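Okay, structure first, notes after.
In the UniProt record's numbering, the protein residues as written are 1 to 365.
Printed below as a string of structure tokens:
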């Protein structure tokens, strides 16, 4: 402990790199190095809580460095959560140990209260009197045996029997005294017990006198053990909440990343659609501007174009009428040709019949 204190003083006066040679590279601080105390980085080192008390854990073998702790506080990630969980486990084991101590203290007080003797009731006095009568009979019998042994010359046996008689007489006298004192003796004992009634501290497990002086109560509350175990319980709650918050944050980051990955194709498609829409809008604007420019330049020639269109339309209509006339003429010509062919076929058919008739008449003659 003294060596660590001296090293810390030298670090403060000369810097932590006081032993580094000019040509050596200065080592960067890393809170994950095994030389640093994990518990000190997370909150505090339990070895510092109970110095010179019954719960003293001894000097911590690790290094306590404030600058390294600042690096740890800024850090994030799973490794930091592991350090915090290890701190919680160690502190919880110490709290569980003091809880067992508190439970044993309660059991001890309960057992002591049950073992208190209160012979103020008549039944107890009657039992004591019966025991006194039995002891009187045994004492009388032992005295007779001792006297007989002395007469027979067995001195050692006689002395042993008399010693046993003295013990039984003491037990008998104690029972007589209890019965004589009776209720007043029991009341006095009960008052004395109540005057020094004890209780167990729910934080550190120490025995306290009920109704003790306020100064003694304050001294206990400010003591190292009471303050140390109170800090342990509070630190467990705080670090547990910090771990849960860090896990929720990491889970939220993972969910956001998954959502982004899942929505990334849709986002890319939306971006493409937006770019296409912007491109189409630009093209439409450009076409509109060009059309407007052309319209401005062609405004003077619109009338000529309309007249030309009208002439062209009239010419097309005239050509269409001429074409329809030609078509009707061609239809008429086709009808005339068809009628001529029909007449020619009729003449040929009639001529053939006349020729066959003349040949038939000649043969008959």
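Just so it is clear, CB atoms sit at the ideal spot from N, CA and C, and this is done for glycine as well.
Model, not experiment: these values are computed from the prediction.
Residue i - DSSP class collapsed to helix/strand/coil
{"i": "residue 118", "result": "Note that residue 118 scores 48 on pLDDT, short of 50, meaning its location in the model is unreliable; the coordinates nonetheless yield the value given after this. Correct three-state label for residue 118: coil."}
{"i": "residue 213", "result": "coil"}
{"i": "residue 87", "result": "helix"}
{"i": "residue 143", "result": "helix"}
{"i": "residue 195", "result": "With a pLDDT of 48 at residue 195, under the threshold of 50, the modelled position of that residue is not reliable, and the figure given next carries that caveat. Helix, per DSSP."}
{"i": "residue 222", "result": "coil"}
{"i": "residue 55", "result": "coil"}
{"i": "residue 111", "result": "helix"}
{"i": "residue 249", "result": "helix"}
{"i": "residue 35", "result": "coil"}
{"i": "residue 204", "result": "coil"}
{"i": "residue 45", "result": "coil"}
{"i": "residue 128", "result": "helix"}
{"i": "residue 153", "result": "coil"}
{"i": "residue 77", "result": "coil"}
Alpha carbon of residue i to alpha carbon of residue j, nearest angstrom
{"i": "residue 176", "j": "residue 235", "result": "59 Å"}
{"i": "residue 233", "j": "residue 27", "result": "37 Å"}
{"i": "residue 119", "j": "residue 171", "result": "Residue placement at residue 119 cannot be trusted, given a pLDDT of 46 that sits under 50; the coordinates are not used to answer."}
{"i": "residue 141", "j": "residue 166", "result": "13 Å"}
{"i": "residue 201", "j": "residue 131", "result": "42 Å"}
{"i": "residue 145", "j": "residue 179", "result": "30 Å"}
{"i": "residue 158", "j": "residue 147", "result": "7 Å"}
{"i": "residue 348", "j": "residue 342", "result": "10 Å"}
{"i": "residue 289", "j": "residue 328", "result": "51 Å"}
{"i": "residue 168", "j": "residue 112", "result": "27 Å"}
{"i": "residue 98", "j": "residue 59", "result": "20 Å"}
{"i": "residue 224", "j": "residue 96", "result": "18 Å"}
{"i": "residue 339", "j": "residue 345", "result": "10 Å"}
{"i": "residue 72", "j": "residue 229", "result": "25 Å"}
{"i": "residue 150", "j": "residue 163", "result": "14 Å"}
{"i": "residue 317", "j": "residue 337", "result": "30 Å"}
{"i": "residue 66", "j": "residue 108", "result": "44 Å"}
{"i": "residue 104", "j": "residue 227", "result": "21 Å"}
{"i": "residue 57", "j": "residue 45", "result": "10 Å"}
{"i": "residue 204", "j": "residue 135", "result": "49 Å"}
{"i": "residue 137", "j": "residue 199", "result": "46 Å"}
{"i": "residue 86", "j": "residue 220", "result": "30 Å"}
{"i": "residue 51", "j": "residue 173", "result": "52 Å"}
{"i": "residue 195", "j": "residue 129", "result": "Residue confidence is low: residue 195 scores 48 on pLDDT, short of 50, so the model does not pin down where it sits. Its coordinate-derived value is still stated next. Whole-angstrom Cα-Cα distance: 31 Å."}
{"i": "residue 330", "j": "residue 287", "result": "50 Å"}
{"i": "residue 117", "j": "residue 212", "result": "Here the model assigns residue 117 a pLDDT of 48, short of 50, so the residue's position is not dependable, and the following value carries that caveat. Cα to Cα, residue 117 sits roughly 25 Å from residue 212."}
{"i": "residue 335", "j": "residue 304", "result": "46 Å"}
{"i": "residue 311", "j": "residue 324", "result": "20 Å"}
Endpoints, the alpha helix (DSSP H) within which residue i is located
{"i": "residue 68", "result": "66-74"}
{"i": "residue 29", "result": "Run containing residue 29: none; DSSP gives neither H nor E here."}
Limits of the unbroken beta strand (DSSP E) element including residue i
{"i": "residue 63", "result": "It is not in any beta strand (DSSP E) - residue 63 carries neither H nor E in the DSSP assignment."}
{"i": "residue 40", "result": "Premise fails: residue 40 lies in the alpha helix (DSSP H), 38-42, not in any beta strand (DSSP E)."}
{"i": "residue 208", "result": "207-209"}
{"i": "residue 200", "result": "198-200"}
Cβ neighbour criterion (16 or more within 10 Å) applied to residue i
{"i": "residue 47", "result": "buried"}
{"i": "residue 284", "result": "exposed"}
{"i": "residue 88", "result": "buried"}
{"i": "residue 84", "result": "buried"}
{"i": "residue 40", "result": "buried"}
{"i": "residue 68", "result": "buried"}
{"i": "residue 207", "result": "exposed"}
{"i": "residue 42", "result": "buried"}
{"i": "residue 94", "result": "buried"}
{"i": "residue 80", "result": "buried"}
{"i": "residue 243", "result": "buried"}
{"i": "residue 29", "result": "exposed"}
{"i": "residue 49", "result": "buried"}
{"i": "residue 161", "result": "buried"}
Any non-hydrogen atom of the ligand PLP closer than 6 Å to residue i Cβ
{"i": "residue 95", "result": "The ligand PLP is not among the ligands present in this structure, which contains no ligands whatsoever."}
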